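Undergrad:
Residue numbers (our numbering): 256 to 626.
1. Quick test of your reading: residue 539 and residue 452, contact by CB under 8 Å. State the CB separation rounded to the nearest angstrom.
2. Does the segment 546 to 554 come into contact with the segment 479 to 493, if we say contact requires no fewer than three beta-carbon pairs (one atom in each stretch) closer than 8 Å?
3. Express the C-alpha separation of residue 332 and residue 260 in angstroms, rounding to a whole number.
4. If you draw a straight line from the alpha carbon of residue 326 to that of residue 315, how long is it in whole angstroms?
5. Can the beta-carbon of residue 502 be found closer than 9 Å to that of residue 521?
6. Quick check: the Cα distance between residue 619 and residue 317, rounded to an integer number of angstroms?
7. Go ahead and pull the three-state DSSP assignment for residue 410.
8. Residue 377 by DSSP, collapsed to three states: which one?
9. By the DSSP assignment, the alpha helix (DSSP H) with residue 260 in it spans what residues?
10. Using only the alpha-carbon positions, how far apart do residue 533 and residue 433 sit?
11. So, does the segment 348 to 367 touch the segment 586 to 600, judging by three or more C-beta pairs under 8 Å?
12. Closest to residue 527 by C-alpha separation, out of 308, 455, 320 and 412, would be which residue?
13. Starting from residue 492, trace the alpha helix (DSSP H) both ways and give me its first and last residue.
14. Quick one: complete alpha helix (DSSP H) runs, 4+ long, within the segment 545 to 611?
15. Flag this pair as touching only if the segment 596 to 603 and the segment 558 to 567 have three or more C-beta atom pairs under 8 Å; answer yes or no.
16. Cα separation between residue 419 and residue 281?
17. Using a Cβ-Cβ cut-off of 7 Å (strictly less than) and excluding sequence neighbours within five positions of residue 301, which residues of its own chain qualify?
18. So for residue 305, helix, strand or coil by DSSP?
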């Protein structure tokens, strides 16, 4: 996500294109894995008190993520902060916190298709979210101002669940999939995760290509963008290339053919399946590398253990720097990543948990009444 945010000036480059959208999906899948790992002890014990305590801990973590997400969104000068949506998803998934891998996989699979279709249907008939002065919101995340009025609360619900940059309706499959993966013996499943992820990515992106470029979806899309192309004075093909290269969390509702694209952040069924497949493949590959050359991933493991601190830190640093760099973005991105890894490794070695991770741990442990 650091690459996606810091190197935004290189939005046409191959590397940025590869991480755009898919980095956030990987973040979501890993969140589900984390929840599953947290639940292992309570699952083994079978004690209802342990399960109730864990649910309270997760609920407190969810609330803290929502608060931190609102705070970071208030200071962010560019990146759309995902944490509030993350928190809402943690709350929604509480009933499935101890579900089995098959149940979680089935739920994620159905949601990956049904969620985007329901989103399209609802957005086709409901008015989209607007700002206080009537402007149209493209993407967007929960803002503090949304919590100060009735109209703001309506916008908040819409942005969080339906029309935002990370709408719960199309992002829940990633968390559920991660929880299903976390139920497995990860080291033993590494090869299957890599293979299954590649299959999912092929189905998602290959299926979109087949539907759009072979089976005629492109013609419907060109007809949909023709009015925009006329206003901009460009060919429909050029307008489609621009409008279809990325999205702000949802697809347009001018034609159902938009559900056939697999653009990053589009939230179409093909995008959800393809991006989830990439995330699973990356996870499987990292597990294989960790098994073969464990020392190679030690610095990255330290960074992962401080994921919340590093994520919040890079948002704050970008804000203090005035946004993503326009000159030498790859060099700046490399420096960002190096500092993040070195900081995390040093902090992990000296203090253990990251500062934000420690706050979340202490408050959630108190709520859970750890015994």
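In this text, a Cβ means the ideal position worked out from N, Cα and C, and glycines have one as well. Remember, it's a predicted structure, so these values are computed and weren't measured experimentally.
TA: With the given structure in hand:
1. So it is a contact: roughly 6 Å between Cβ atoms.
2. When C-beta atoms of the segment 546 to 554 are compared with those of the segment 479 to 493, fewer than three pairs fall below 8 Å, so the two segments do not count as touching.
3. In this structure, the alpha-carbon of residue 260 lies about 11 Å from that of residue 332.
4. For the pair residue 326 and residue 315, the Cα-to-Cα distance works out to about 17 Å.
5. For the 9 Å CB-CB criterion, residue 502 and residue 521 form a contact.
6. Spanning the two alpha carbons is a distance of roughly 9 Å.
7. Assignment of residue 410 by DSSP, reduced to helix, strand and coil, places it in the helix class.
8. Helix at residue 377.
9. Counting along the chain, the alpha helix (DSSP H) containing residue 260 begins and ends at 257 to 261.
10. One C-alpha to the other measures close to 13 Å.
11. The segment 348 to 367 and the segment 586 to 600 do not touch, with fewer than 3 CB-CB distances between them shorter than 8 Å.
12. Measuring from the Cα of residue 527, the nearest candidate turns out to be 455.
13. Per DSSP, the unbroken alpha helix (DSSP H) holding residue 492 starts and ends at 491 to 498.
14. 553 to 560, 562 to 575 and 584 to 606, all fully within the segment 545 to 611.
15. A contact is defined here as three or more CB-CB pairs under 8 Å, and the segment 596 to 603 meets this definition with respect to the segment 558 to 567.
16. In this structure, the CA atom of residue 419 is about 18 Å from the CA atom of residue 281.
17. Taking C-beta separations shorter than 7 Å and ignoring five residues to either side along the sequence, residue 301 has no partners in its chain.
18. In the structure shown, residue 305 sits in a helix (DSSP, three-state: H, G or I).
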